[in-house]
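What follows is a short report on a single structure.
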Amino acid sequence: MKKSYFNKPVIMPVYVLASLMILFVGCAAKEEKKEKQSTVKVTIQQIQHHGQAEELSFSGTIEADNSVQIGFSASGTVSSVKVNEGQQVNAGQLLATIDATEYDNALLIAGAGLEQAEDMYTRLSGLYQKGSLPEKDFIEIKTKLAQAKANKNLSVKRVSDTKLYAPMSGIIIAKSIERGAMAAPGVPAFTIIKTDQVYARVTVPESEIGKIRKGQRAKVFISTLNEILTGEIAIINPQADPVSKSYSVKVQLQNPDGKLLPGMIAQTKIATGRSLDAITIPASAVLRDADDITYVFVAGDNQKAVRKRITASGVQGNDVIVSDGLKQGDRVVTAGQTRLKEGAVLTL
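Position 95 (the sequence shown) corresponds to 95 in full-length UniProt numbering; numbering is contiguous.
Okay, structure coming up:
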């Protein structure tokens, strides 16, 4: 009987066996190395809900308490300008004058006319009392005296109108006249703003205006000055903007040293007095990718890293308030997360 070739034992050369053993050992080493590389030591914090005071944040600008445009009530050539833009002025301070020659002369004439009318009234009054002067003539003299008094008073006012005074204390922010120019009634010469107290004006959406009321305290951060100021809501405009459906709210701030200037950016936080059941995590746990997406890593049930996108609604000290993306019981990686990738094995 012929022996089958397939029943013969297969004898492999020694060098082939050695090669296979080296290959198997190498693969095992690579797998072991890969497993070690995917294991990252981290610190984990389990999330708990905390009672959080609700605080609304808005960006706004500083506005002056009051702004007025002033000008001369009389016309004439400007003879002097006493102040410049940016200058602090006090109520009643002289700002500018116009040539008063014409008005001074008119006052002299009006004064002489009044003296003449008074003299005539004195002389004819005696005749009228004696019955030597008709009543019609006496009434005419009285009328002329009244007109002379009115003319002089008007001339006095016109002379006074050649000087322009500050109606309030504040800062000159605009000057529209120069010496030698013509001034006219109704034409603004200066704009003055009152800044001993100012407002941080913010725009509040319809969804949140119901949480705000007059008298509420607010914190205002002025980045230009790197200062946080405290004020209170003084004005809530009841008329919504027809396009944005938002409301204008003003926080009153005291400004005795004049540091706060109109136009400065004011980051405003208003405490509503309500408490929220909030989730907070350390700010150090939050990461941001190239697409500007905010996320954290949490430890999954199999102790592997799971990336979770989050929405942050605010900051409290060194913690971030998370409004979406996490739930109570999640275990957030707070240290070592910068070395993690999705699915990495975590060790504590």
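Glycine included, each C-beta is placed from N, C-alpha and C at the ideal position.
In this text the structure is predicted, and so the values were computed from the model without any measurement.
Counterpart residues of residue i in DSSP-defined beta bridges
{"i": "K163", "result": "T97"}
{"i": "K308", "result": "V296"}
{"i": "E55", "result": "A271"}
{"i": "A64", "result": "V198"}
{"i": "I171", "result": "Q88, I193"}
Proximity below 7 Å, CB of residue i to CB of residue j
{"i": "V332", "j": "I270", "result": "no"}
{"i": "L145", "j": "Y121", "result": "yes"}
{"i": "V78", "j": "R158", "result": "no"}
{"i": "I47", "j": "L326", "result": "yes"}
{"i": "V204", "j": "N255", "result": "no"}
{"i": "V251", "j": "G273", "result": "no"}
{"i": "T61", "j": "T347", "result": "no"}
{"i": "S169", "j": "A283", "result": "no"}
{"i": "S73", "j": "P185", "result": "yes"}
{"i": "K245", "j": "E208", "result": "no"}
{"i": "K267", "j": "S67", "result": "Correcting the residue identity first, residue 267 is Gln in this sequence and not Lys. Not in contact: Q267 and S67 (Cβ atoms no closer than 7 Å)."}
{"i": "L340", "j": "A299", "result": "no"}
{"i": "A96", "j": "V81", "result": "yes"}
Residue i versus residue j: straight-line alpha-carbon distance, rounded
{"i": "A29", "j": "R307", "result": "Reliability fails at A29, whose pLDDT of 45 lies under 50, so the model's placement of it is uncertain and the value that follows must be treated cautiously. Distance between the alpha carbons of A29 and R307: 29 Å."}
{"i": "G131", "j": "S75", "result": "48 Å"}
{"i": "A200", "j": "E63", "result": "6 Å"}
{"i": "Q328", "j": "V322", "result": "11 Å"}
{"i": "I109", "j": "A166", "result": "30 Å"}
{"i": "P242", "j": "A285", "result": "42 Å"}
{"i": "G113", "j": "N153", "result": "12 Å"}
{"i": "H50", "j": "Q316", "result": "12 Å"}
{"i": "A312", "j": "V249", "result": "25 Å"}
{"i": "I279", "j": "D319", "result": "10 Å"}
{"i": "D196", "j": "A117", "result": "51 Å"}
{"i": "D119", "j": "D65", "result": "53 Å"}
{"i": "I98", "j": "A106", "result": "15 Å"}
{"i": "D104", "j": "A174", "result": "30 Å"}
{"i": "I70", "j": "Q216", "result": "35 Å"}
{"i": "G336", "j": "V42", "result": "5 Å"}
{"i": "C27", "j": "G343", "result": "Here the model assigns C27 a pLDDT of 48, short of 50, so the residue's position is not dependable, and the following value carries that caveat. If you take the alpha carbons of C27 and G343, they lie about 22 Å apart."}
Unbroken beta strand (DSSP E) run spanning residue i, endpoints
{"i": "I44", "result": "43-46"}
{"i": "D196", "result": "190-205"}
{"i": "F221", "result": "217-222"}
{"i": "L253", "result": "246-254"}
{"i": "S323", "result": "319-324"}
{"i": "S79", "result": "76-81"}
{"i": "residue 370", "result": "With the chain covering 1 to 348 only, the question about residue 370 has no answer from this structure."}
Helix, strand or coil at residue i according to DSSP, with G and I counted as helix
{"i": "L229", "result": "strand"}
{"i": "K211", "result": "coil"}
{"i": "V296", "result": "strand"}
{"i": "I22", "result": "With a pLDDT of only 44 at I22, under 50, the local geometry of the prediction cannot be trusted, and the value read off the model is given with reservation. If DSSP states are grouped into helix, strand and coil, I22 belongs with the helices."}
{"i": "V156", "result": "helix"}
{"i": "S132", "result": "coil"}
{"i": "residue 353", "result": "Examination of residue 353 is not possible in this model, given that the chain is present from 1 through 348 alone."}
{"i": "N105", "result": "helix"}
{"i": "Q116", "result": "helix"}
{"i": "G343", "result": "coil"}
{"i": "L261", "result": "coil"}
{"i": "Q316", "result": "strand"}
{"i": "L348", "result": "coil"}
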